[in-house]
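So in my numbering, the last spot in the sequence shown is 372, and the numbers never skip.
Only one structure is covered here, and it is reproduced in the block below.
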Amino acid sequence: MIKIEHLTKKYGEGDSCCLALNDVSADIQENTFTVITGKSGSGKTTLLNMIGLIDKPDSGSILVEDRNILAYGKKDCLRYRREMIGMVFQFFQLIPVLTCRDNIMIANECVKKCKKDYFDTLTEQLDIKDLLNKYPDQLSGGQQQRIAIARALINQPRIILADEPTGNLDSENSRRVIDLLKQTTNEYGMTLLMVTHDADIAKQANHCIHLVDGRIQQN
Ligand SMILES: Nc1ncnc2c1ncn2[C@@H]1O[C@H](COP(=O)(O)OP(=O)(O)OP(=O)(O)O)[C@@H](O)[C@H]1O
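Structural data, given as structure tokens:
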């Protein structure tokens with residue numbers, strides 16, 4: 154589903170030059186759970202951001218369903234981000250002045266694909282029905298992350314990119330968030346790609362991409 158070939162990304166020039174990704178190639182199958190692991194600074198977020206078209210590599214290619222996403226113009230790029238990708242972040246990134254319902258539905262504004270049944274089922278599965286009229290600052294971290302997961306899943310994207318989604322949660326909430334991410338993405342046939350430092354989470358994945366100084370370390 155996602156084929157990454159010889160991806161290289163350099164930040165800065167001269168003495169301050171940093172090779173964040175160095176000839177990274179990987180194949181990620183549809184409807185699987187893959188973790189990206191590695192020490193701080195090894196290139197995990199950079200790789201995730203390339204797949205989300207948040208940043209572009211210097212060389213290499215990324216094929217998603219056989220299409221070279223790096224060749225997309227502005228319009229295709231926007232459509233890809235809106236319809237193919239859902240993102241979950243460590244610090245939730247909810248909009249403080251919107252209710253939780255609006256935080257979820259704003260992601261659906263341009264797509265308008267969400268049916269009421271799906272919204273009801275998803276909010277039930279994530280156990281957030283009673284939180285929808287509240288504002289993010291009225292919720293715990295675990296509750297905010299469950300709202301953020303609903304926002305990521307609302308357009309039924311094919312790929313969920315999660316960057317340390319439990320990095321700001323206690324162990325009980327971490328377990329719950331991971332269980333829900335695995336369960337919902339599996340049920341809806343989505344491909345889950347997650348950056349994590351947590352070895353227990355990494356063990357639950359189908360595949361692991363382990364980065365050392367921007368290179369994949371083969372097991
Ligand atoms: N926008 C940027 N400008 C300059 N250097 C950057 C930029 N983004 C990342 N880097 C550098 O690229 C390398 C990889 O960064 P990246 O954030 O991908 O690592 P990471 O494995 O996700 O780290 P962490 O676990 O700490 O989040 C680091 O050395 C970082 O300093």
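In this text, a Cβ means the ideal position worked out from N, Cα and C, and glycines have one as well.
Legend entry - Local conformation of residue 168 per DSSP, three classes: helix
Inset, instruction - Mark residue 224 as exposed unless 16 or more other C-beta atoms lie within 10 angstroms of its C-beta, in which case mark it buried. - result: exposed
Legend entry - Short Cβ contact (8 Å threshold) for residue 347 with residue 312: no
Legend entry - Inter-residue spacing [alpha-carbon to alpha-carbon] between residue 368 and residue 300: 34 Å
Legend entry - 4 or more residues per run - each alpha helix (DSSP H) lying fully within the stretch 208–275: 227–232 and 253–258
Inset, instruction - Taking only heavy atoms of ligand 1 into account, decide whether any of them is closer than 7 Å to the Cβ of residue 164. - result: Yes - ligand 1 has a heavy atom lying nearer than 7 Å to the Cβ of residue 164.
Legend entry - Opening and closing residue of the beta strand (DSSP E) in which residue 315 lies: Start and end: 312–316.
Inset, instruction - Quick one: grab the DSSP three-state call for residue 324. - result: helix
Legend entry - Proximity of residue 215 and residue 201 at Cβ, strictly below 8 Å: no
Inset, instruction - Verify the contact flag: residue 173, CB atom, against every heavy atom of ligand 1, threshold strictly below 7 Å. - result: yes
Legend entry - Best match in 211, 179, 317 and 183 for proximity to residue 172 [C-alpha to C-alpha]: 211
Legend entry - heavy atom of ligand 1 below 7 Å from residue 227 C-beta: no
Legend entry - Alpha-carbon spacing of residue 290 relative to residue 198, whole angstroms: 26 Å
Inset, instruction - May I ask you to report which of helix, strand or coil DSSP gives residue 295? - result: Assigned with DSSP and collapsed to three states, residue 295 falls in helix.
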